[in-house]
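J.:
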Amino acid sequence: MTDSNEAVIADALAVIDKALAEMLRRELVSTGEVADLLLDVRTLLTHPATTAPA
0 MTDSNEAVIA
10 DALAVIDKAL
20 AEMLRRELVS
30 TGEVADLLLD
40 VRTLLTHPAT
50 TAPA
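Using numbering that gives the first Met the number 0, the first residue of the sequence shown is number 0, and each one after it goes up by one.
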């Protein structure tokens, strides 16, 4: 796996971990918040990889 892929995955995991920690403190989570979380994760995973200059 390339460094850029690892960075994207690390960013996605950070978003998920943060959101899970916030959601665990609440009894109810709105569908809008879940949709926002999923869209954030999707954006991170589909964001074009940046390449280092040669």
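Every residue, glycine too, gets a C-beta built ideally from N, C-alpha and C.
Using beta-carbon positions only, say whether leucine 44 and alanine 11 come within less than 7 Å of one another.
T.: Yes, Cβ-Cβ distance for leucine 44 and alanine 11 is below 7 Å.
J.: Quick check on DSSP: helix, strand or coil for glutamate 21?
T.: Three-state DSSP puts glutamate 21 in a helix.
J.: Could you tell me if valine 33 is buried or exposed, where buried requires 16 or more neighbouring beta carbons within 10 angstroms of its beta carbon?
T.: Counting Cβ neighbours within 10 Å, valine 33 comes out exposed, since fewer than 16 surround it.
J.: Measure the beta-carbon distance from valine 14 to aspartate 39 and round it to whole angstroms, keeping in mind my assumption that it falls under 8 Å.
T.: About 5 Å; that satisfies the 8 Å criterion.
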